[in-house]
Amino acid sequence: MNAMITPTSIHERLRSPDAGVRRIAVIDLPYTDEEDDVAPLLTAALADTDAQVRLEAAKALEGFEEAEVLVQLVPLLKDSSAEVRDAVAYTLAELKQPASATQLLPYLTDSDPGVRAAALHAVRALRVNEAFEPALHALQHEDAMVRRAAVGVLGYLKNPQAIGTLTQAAVHDADPEVRRVAVGALGYAGESAEISVHPALSRALTDPAWQVREEAATTFAKLGSALGVPDLVRAMDDDYWQVRVKAARSLGKLKARGGVEVLCQALQHAVSNLRKEAVIALGEVGDPRAITHLERALHDSDPDVRKLAKLALASIQMSGAIATGDLP
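Positions 0 to 327 (numbering that gives the first Met the number 0) are the ones given, in order, by the sequence shown.
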């Protein structure tokens, strides 16, 4: 059994002139047997001259919710190291302390894009309404990193007033990753907004970046929108099988009978992951037209496809028995 790290050895190593020794000491700190000393020592390490030491201290503080920890962490959103800023943002987001919101808000309009993006990441999980306007404004920022972070905040807040801006970002932003996360954020809009967001999602399914198309295929199911079924059927012919997988999954979740034909065709695709998703989706849709195709899938070369086909057939048969009242 490993011996417990002693406070004395930790203190000595934290004072070492070697930054590597100090960094390892910070990593070891949470495992000391003097818990009362850990938080103050970690917060002190946030002022270390070495960025890697500060980085490890910021990471380690994720488990400490004391008010003084927040006070020490927030200013490091302006650290000279992007890695440290990201670690601080992540820790603040994980802590989810409402008390940090007031301290974070001024950083949401910082002139430094790195600081601004880190602050937006940190405040996202807090879901504070005061972050709405700064995030909305940040969507116009020239730096794509800031725009991506702003989309995250708006998606978490689920404010209907952001839908128009998010649909514009989903279609027109120059950065494909901004478009992707904006498309994903539209999934929070709900069925009540399906008519207003449908054109943007439909266009996103033809985006030059396959990752955007993949996200759009997933988002249709999040909305629970039957309006997207024809778009998803077309997406089953996408050049990228990853997009087809998400389209198949969404057709299943939407129980889209209009997708049965393309799902049955997907059972012949060379990629087994797509065949598996198509089988699952056909079981969810529950249309008897799929039975013959699923029976063939019982002989698929992939054992997982065969197993899932058996389950899908049982599901369709059960659905038919319920519909006819022919249950044992």
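Backbone N, C-alpha and C define an ideal beta-carbon position, used for all residues, glycine too.
The Cβ-Cβ distance between A277 and L262 falls below 7 angstroms. Counted as a single uninterrupted DSSP element, the alpha helix (DSSP H) harbouring Q167 occupies residues 162-171. DSSP places T48 in the coil class of the three-state scheme, outside both helix and strand. For V83, the closest alpha carbon among the candidates A121, A100, K275, V228 is that of A121. In the structure shown, P198 falls within a helical segment according to DSSP collapsed to helix, strand and coil. The straight-line gap separating the alpha-carbon atoms of K275 and E11 is approximately 57 angstroms. Look at F63 here: in three-state DSSP terms it is coil, with no helix or strand label. Counted as a single uninterrupted DSSP element, the alpha helix (DSSP H) harbouring V244 occupies residues 240-252.
A straight-line Cα-Cα distance of about 54 angstroms links V259 and D78. In the structure shown, N272 falls within a helical segment according to DSSP collapsed to helix, strand and coil. Residues of the same chain with a CB within less than 8 angstroms of the CB of V87, apart from the 5 flanking positions on each side, are A57, L72, V73, L75, L76, D78, A117, A121 in chain order.
Using a 10 angstroms sphere on the CB of D17, the tally of other CB atoms stays under 16, which defines it as exposed. If you look at P175, you'll find it in the alpha helix (DSSP H) that goes 175-184. The criterion of a C-beta distance shorter than 7 angstroms is not satisfied by A92 and V127. Q267 sits in coil when the DSSP states are folded into three classes, being neither helix nor strand. Taking each of L28, Q51, D49 in turn and checking the Cα distance to L40, the smallest one comes out for L28.
According to the DSSP assignment, D85 belongs to the alpha helix (DSSP H) that extends over 81-94.
Under the criterion of beta carbons closer than 8 angstroms, D142 and P112 qualify as touching, at roughly 4 angstroms. Measuring C-alpha to C-alpha distances from R179 to each of Q210, I162, V114, E61 identifies Q210 as the nearest. C-alpha of Q241 to C-alpha of A59: approximately 36 angstroms in a straight line. Looking at E213, S224, L222, the one whose alpha-carbon comes closest to that of V244 is E213. The criterion of a C-beta distance shorter than 7 angstroms is satisfied by A134 and L153. Bounds of any alpha helix (DSSP H) do not take in R288, whose DSSP letter is neither H nor E.
In terms of Cβ geometry, G251 and A216 do not form a close pair [threshold 7 angstroms].
The alpha carbon of L200 has as its nearest neighbour, out of F131, F219, P207, the alpha carbon of F219. Per DSSP, V73 lies in no alpha helix (DSSP H) and is assigned neither H nor E. Here DSSP, grouped into helix, strand and coil, assigns E141 to coil. For the pair G163 and R123, the CB atoms are not nearer than the 7 angstroms cut-off.
Between the alpha carbons of D237 and A255 lies a gap of roughly 18 angstroms. Here H292 is buried: its Cβ has 16 or more other Cβ atoms, across all protein chains shown, within 10 Å. Of the candidates L231, A173, P229, A173 places its Cα closest to the Cα of A208.
Taken through DSSP and simplified to helix, strand or coil, P302 comes out as helix. As the crow flies, the alpha-carbon of R14 is around 17 angstroms from that of T31. In the same chain as I315, and ignoring 5 residues on each side of it, the C-beta atoms closer than 8 angstroms to its own belong to L281, G282, G285, D286, P287, A289, I290, L293, in chain order.
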